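*Asks:*
There are 2 protein chains.
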Amino acid sequence: MSEQGSQYRYDILQKRWVIIASERGKRPQDFAVPREEVETVFCPFCPGHEEKTPPEIAAIRDPGGRTNGPGWRVRVVPNKFPALRVEGEPEREAEGLYDRMNGIGAHEVVIESPDHRSRMCDREVDDIALTLRMYRDRLTDLMRDQRLKYILIFKNSGSAAGASLSHPHSQIIATTVTPRTVALELNSCREHHHIKERCLICDIIKQELGSRERLVTIDDRYVAFCPYAARFPFELFIAPRFHQHDYSKASDHDLRGLAAVLRDVLGRYREALDDPPYNFILHTSPNANVRPRRAHYWDTIEFDFHWHMELFPRLTRVAGFEWGTGFYINPTSPEDAARYLRSL
Amino acid sequence: MSEQGSQYRYDILQKRWVIIASERGKRPQDFAVPREEVETVFCPFCPGHEEKTPPEIAAIRDPGGRTNGPGWRVRVVPNKFPALRVEGEPEREAEGLYDRMNGIGAHEVVIESPDHRSRMCDREVDDIALTLRMYRDRLTDLMRDQRLKYILIFKNSGSAAGASLSHPHSQIIATTVTPRTVALELNSCREHHHIKERCLICDIIKQELGSRERLVTIDDRYVAFCPYAARFPFELFIAPRFHQHDYSKASDHDLRGLAAVLRDVLGRYREALDDPPYNFILHTSPNANVRPRRAHYWDTIEFDFHWHMELFPRLTRVAGFEWGTGFYINPTSPEDAARYLRSL
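Going line by line, the protein sequences match chains A and B. Per numbering that gives the first Met the number 0, the first sequence runs over residues 0 to 343. Per numbering that gives the first Met the number 0, the second sequence runs over residues 0 to 343.
1. Mind checking glutamate 207/B: buried by the 16 CB within 10 Å criterion, or exposed?
2. Where does tyrosine 9/A land, buried or exposed, given buried means 16+ other C-beta within 10 angstroms?
3. Please list, in chain order, all residues of the same chain as glutamate 334/A whose beta carbon is under 8 Å from its beta carbon, the five residues on each side excluded.
4. Classify proline 330/B: buried if its beta carbon has 16 or more other beta carbons within 10 angstroms, exposed otherwise.
5. I believe phenylalanine 80/B touches histidine 166/B by the beta-carbon criterion, under 8 Å. Please report the beta-carbon distance rounded to the nearest angstrom.
6. Run through the DSSP bridge pairs and tell me what arginine 74/B is partnered with.
7. Considering phenylalanine 236/B, what are the terminal residues of the beta strand (DSSP E) in which it resides?
8. Could you give the DSSP three-state label for valine 176/A: helix, strand or coil?
9. Is it right to say arginine 132/A is buried, meaning 16 or more other beta carbons lie within 10 angstroms of its own, or is it exposed?
10. Can you look up serine 332/B in the DSSP assignment and give me helix, strand or coil?
11. Taking its Cβ as the centre, do 16 or more other Cβ atoms sit within 10 Å of glutamate 107/B, making it buried, or is it exposed?
12. When you measure from the CB of tyrosine 97/A to every non-hydrogen atom of the ligand SAM, does any distance come out below 7 Å?
13. Using only the alpha-carbon positions, how far apart do phenylalanine 231/B and tyrosine 277/B sit?
14. Nearest chain A C-beta to leucine 314/B closer than 8 Å, yes or no?
15. Contact between the segment 183-195 of chain A and the segment 287-306 of chain A: three or more CB pairs below 8 Å?
16. I think leucine 199/B touches serine 187/B, with their Cβ atoms under 8 Å apart; what is that distance to the nearest whole Å?
17. Does phenylalanine 41/A pass the burial test, meaning 16 or more other C-beta atoms within 10 Å, or should it be called exposed?
18. Pairs of beta-carbons, one from the segment 48-61 of chain B and one from the segment 73-91 of chain B, closer than 8 Å: are there three or more?
19. Can you list, in chain order, the residues of its chain whose CB lies under 6 Å from that of alanine 159/A, leaving out five sequence neighbours each side?
20. What in chain B is Cβ-close to asparagine 101/A, meaning under 9 Å?
21. For tyrosine 296/A, does the three-state DSSP call read helix, strand or coil?
22. Comparing alpha-carbon positions, which option in Gln145/A, Asp245/A, Ala105/A and Val124/A lies nearest arginine 255/A?
23. Using 8 Å as the limit for Cβ to Cβ distance, is methionine 0/B near chain A?
24. Touch check for the segment 229-243 of chain A and the segment 286-296 of chain A: three-plus C-beta pairs under 8 Å?
25. Would you kindly report the start and end of the unbroken alpha helix (DSSP H) that includes isoleucine 204/A?
26. Can you tell me whether glutamine 145/A is buried or exposed, with buried defined as 16 or more other CB within 10 angstroms of its CB?
27. Of all the CB atoms in chain B, is at least one closer than 8 Å to the CB of threonine 180/A?
28. Taking Cβ-Cβ distances below 7 Å as the criterion, which residues of the segment 189-202 of chain B are in contact with chain A?
29. Taking the C-alpha atoms as reference points, what is the distance between tryptophan 297/A and tyrosine 339/B?
30. Which two residues bound the contiguous alpha helix (DSSP H) that contains histidine 307/A?
31. Looking only at its own chain, which residues have a Cβ that is under 8 Å from the Cβ of glutamate 270/B, when we skip the five neighbours before and after it?
32. Would you call the segment 81-89 of chain B in contact with the segment 112-127 of chain B, where contact means no fewer than 3 C-beta pairs closer than 8 Å?
33. To which residues of the same chain is methionine 308/B closer than 6 Å at the C-beta, ignoring the five residues directly before and after it?
34. May I ask you to list, following chain order, the residues of the segment 149-161 of chain B that have a beta carbon less than 9 Å from some beta carbon of chain A?
35. Strictly below 8 Å CB to CB, what residues from chain A border aspartate 98/B?
36. Please compile the residues from chain B whose C-beta is within a distance smaller than 9 Å of the C-beta of glutamine 206/A.
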């Protein structure tokens with residue numbers, strides 16, 4: 000890269016070109032990582048404050064604990080200021096040229112740990128696995144609602160990454176529409192499978208395992224690599240090495256493996272980048288239980304998608320250019336980023 | 000809105016659903032607007048420092064001024080740390096499944112004023128018009144390069160909006176690919192025109208002029224309104240009321256009108272939102288001079304697109320959810336935003 004100047008690279012999933020501006024060649028120490036303060040004001044997510052959240056939806060408790068009392072290890076509650084509500088009907092309607100519908104959906108918070116100060120990268124693998132299994136169980140439950148086309152699971156860690164509370168938590172938003180980004184990936188995968196009868200993401204993983212230059216962490220079930228057309232410095236793509244379209248199908252054993260990979264890469268972020276704010280997002284297949292089902296659309300879903308996580312530290316300010324164009328300039332090549340992260 | 004709860008609204012140009020979370024109902028005073036310091040360190044864009052930038056590409060000077068000397072009113076220079084370079088050939092090639100090409104393009108900086116502290120909203124309309132005409136002239140010049148499929152013009156104002164220098168400037172990035180966002184809008188417009196033989200953006204403007212509830216500023220040639228499916232609080236869409244696909248076709252007289260509208264809305268931002276950081280992006284049609292031309296693709300371009308500007312203050316932190324999904328939650332409805340902005 001460095002001898003060749005900048006490159007355009009095509010994101011085969013998102014159908015988007017990215018500029019890898021290697022001449023800017025930013026190394027980890029070149030980024031001014033926002034410092035995060037752990038707030039010490041009253042925290043509604045801490046044990047003993049359970050009445051400050053809406054009543055819990057699910058929890059994993061030590062034996063003897065009572066619902067909405069302390070003693071939990073993971074706890075899921077409705078968002079107190081939800082963007083969407085479960086009650087009602089979508090009531091799709093036109094407004095002249097435009098289209099709208101009621102804000103039906105779900106907005107939940109997964110409180111990942113009773114410990115206000117614990118970060119995911121410091122927790123035990125078994126403890127992280129509890130969070131990942133809770134994601135799966137909430138996904139399974141929400142997928143029963145035939146109105147909900149998509150269930151998004153994501154984490155904002157640090158205020159620069161959008162977290163409004165520092166207590167470790169993630170969020171779930173279930174919507175009556177499939178988000179555009181997921182729809183684009185699904186279409187790319189469908190086109191590939193239609194022609195080749197192979198999964199596009201399986202093919203990508205195979206190529207990454209072959210070249211190894213963007214690999215960061217691998218175990219027998221999961222792989223983490225910097226994607227070829229990474230939008231952000233140190234962006235990572237984490238996926239099962241075996242084909243699985245739907246995260247809700249992951250076994251307890253599998254999710255312990257995923258927890259180990261996630262802990263590994265978050266530890267590398269902490270070391271390389273001085274504990275940066277970060278986001279991760281789970282891209283799983285759309286809900287195959289929705290009604291009305293469109294003919295043919297769902298028939299091939301289990302071949303057409305392959306769930307994965309996107310993980311990125313928040314190092315660069317995203318400017319108007321990116322918002323206005325969906326076009327990214329990444330100052331650190333994914334090969335350089337992977338080399339730094341592997342070296343730790 | 001407020002009595003109905005949240006809504007999903009469809010962005011007919013971007014083919015994207017947005018959540019208007021009116022229950023969060025944020026008013027201007029509810030946003031913590033980042034404070035911007037005008038830096039007072041050495042500024043390479045100030046008059047007398049012309050040798051600190053690469054040699055100028057274009058300038059508007061008072062009579063008697065010399066190239067690369069002071070006395071200019073607007074000055075365009077190559078970006079000193081360009082993401083793309085003009086020299087060379089794209090050399091498109093595959094890398095296994097992936098696609099890449101050399102980083103060919105242009106990356107220029109438009110220094111809008113010799114006055115380090117001047118903000119666009121404080122400048123005279125005629126002065127802003129000089130900047131807007133320089134955009135047009137650079138666009139016209141860059142469109143002669145048949146390799147450049149798209150020319151992006153945008154402004155990041157304030158460090159929270161991505162500006163690395165506080166001296167007033169905008170940027171131009173010309174690329175050998177059409178950015179996905181523009182391609183999506185173009186496709187939406189093409190589909191609409193193919194069926195209805197009307198311009199989609201002309202239709203949108205007609206509806207907005209009819210309902211008036213999202214209108215902010217209007218003159219005989221231009222209109223500024225909050226778009227129906229606004230992603231961000233106080234987002235604005237500015238467009239000519241007459242059909243014009245290509246910003247390079249705008250006349251000097253037209254651009255004085257646009258300057259007046261832009262000054263008006265930026266003044267409203269300053270008053271309503273305490274001088275916020277902001278971005279604007281110009282979406283003009285792709286370069287119709289590119290070779291090879293694909294059959295039919297360019298034949299209808301002048302009917303299929305309608306140039307416009309997107310303008311938004313940077314009030315909310317964009318979190319993982321938005322990055323991972325292309326899906327936005329806007330806590331201020333465009334009707335409320337337009338009402339606030341109109342009331343000033």
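Idealized CB from N, CA, C, for every residue including glycine. Since we're looking at a predicted model, the values are computed, not measured.
*Replies:* The answer reads as follows:
1. Answer is buried; the Cβ neighbour count reaches 16.
2. buried
3. Taken in chain order, the residues that qualify are Met0, Glu212, Arg213 and Cys225.
4. When all chains shown are included, proline 330/B counts as buried.
5. In fact, because the Cβ distance is near 16 Å, the residues do not count as touching under 8 Å.
6. Ala58/B and Ile110/B
7. 235-239
8. coil
9. When all chains shown are included, arginine 132/A counts as buried.
10. Serine 332/B sits in coil when the DSSP states are folded into three classes, being neither helix nor strand.
11. buried
12. The model on display carries no ligand, and the ligand SAM is accordingly not part of it.
13. 11 Å
14. no
15. yes
16. 6 Å
17. By the neighbour-count rule (16 or more Cβ atoms within 10 Å), phenylalanine 41/A is not buried but exposed.
18. yes
19. Pro33, Pro276 and Arg313
20. Gln3, Gly4, Ser5, Gln6 and Tyr7
21. coil
22. With distances taken between Cα atoms, arginine 255/A lies closest to Val124/A.
23. Low confidence applies to methionine 0/B: its pLDDT is 39, below 50, so where it sits in the model is not reliable, and the reading given next is rough at best. No, no contact with chain A.
24. no
25. 199-210
26. exposed
27. yes
28. Asp202
29. 45 Å
30. First-last for histidine 307/A: 307-312, but that is the beta strand (DSSP E), not the alpha helix (DSSP H).
31. Leu343
32. Judged by Cβ distances under 8 Å, the segment 81-89 of chain B makes no contact with the segment 112-127 of chain B, as fewer than three pairs qualify.
33. Ile237, Phe279 and Leu281
34. Tyr149, Leu151, Phe153, Lys154, Asn155, Ser156, Ser158, Ala159, Ala160 and Gly161
35. Within chain A, the residues near aspartate 98/B are Arg8, Tyr9 and Ile11.
36. Glu94, Gly95, Leu96 and Tyr97
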